Every structure is written in C-alpha cells, then in structure tokens.
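**Q** Below is one structure. I have some questions about it.
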Amino acid sequence: MSTKKDTILFILKKLGNTSRFTTRAMFGEYALYADNKVVGLVCDDLLYVKNCSASSFLEKTCEKDSPYPGAKLYYVVDEEKLDMLVALPNILLMIAKSLPTKHKQIENR
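In the numbering used here, the protein residues as written are 1 to 109.
And the structure:
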C-alpha cells in the first residue's frame, strides 16, 4: 500500500506548513525533510521518525517499528499522536540539527 498525497498534506499542515519541512516521493512512499535533512519517512500513511538521541522524547509516547522490511526501527507517529505532540516540529528540527551535513564530493578528472 502506498501513501496518499492527502496524508502528506495533513502531516505538513500539522508541522505548520513551514518551508523548513518538505517531502520527496520515493517508490510510492515519502521521505520527510527538516532543513533539507531526512528526519523521517511516511510509509503506508504513517509517519516514522528517526530513532536517535534527538528524538528520545518520543520514547514514552510512540511505539517503534520498521517502515519497510529490513529497515531500522523508527518511532511511529500515528494521526492521534500528530494531534497530541505539539513539540513534534521542534523534535524534527533537533533531529536535523544533530545530523551531519553532507559535503559535495569533488569529481577527479
């Protein structure tokens, strides 16, 4: 089952529709970006948030599951939790801040 575009719009609305949050379609599912860094995935109409020290606040609130077979465990933020977690945008931005910046590789010719 793939994620519906309405789900993506709903999640972005809950995050405040700020330009700091974007999504990119991938194989019928989506990657969620905060400040141009992947902080989660949206698969089967569920938001999966990266499991790292910056997202540890979600430990008491969210269950963990894999967004697809063979994937690491992510925090699952369902629709009910999207309404409940007012700090979610800040958590996602903290995750982005904790991730390394990608450096462009210089091609040798």
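We put the CB at the ideal spot given by N, CA and C, even for glycine. Predicted model only: the values in this text are computed from it and were never measured.
1. As a quick exercise: from Cys43, Phe21, Thr7 and Ala25, pick the residue whose alpha carbon is nearest that of Pro69.
2. List the endpoints of the continuous beta strand (DSSP E) containing Ala31.
3. Please confirm if the region 3-22 is in contact with the region 52-65, defined as three or more CB-CB distances below 8 Å between the two stretches.
4. Please state whether the Cβ-Cβ distance between Leu73 and Leu47 is less than 8 Å.
5. Thinking C-beta only, is Thr7 closer than 8 Å to Gly28?
6. Does DSSP classify Lys14 as helix, strand or coil?
7. Give the DSSP bridge partners of Leu41, in chain order.
8. Indicate whether Leu85 and Val76 have their beta-carbon atoms separated by less than 8 Å.
9. Could you check what DSSP says for Asp65 in three-state terms: helix, strand or coil?
10. By alpha-carbon positions, which one of Phe10, Leu12 and Met94 ends up nearest to Ala54?
**A** Taking the definition as stated:
1. Cys43
2. Glu29 to Ala34
3. no
4. no
5. no
6. helix
7. Ala31 and Tyr48
8. no
9. Note: Asp65 maps to strand in three-state DSSP.
10. Met94
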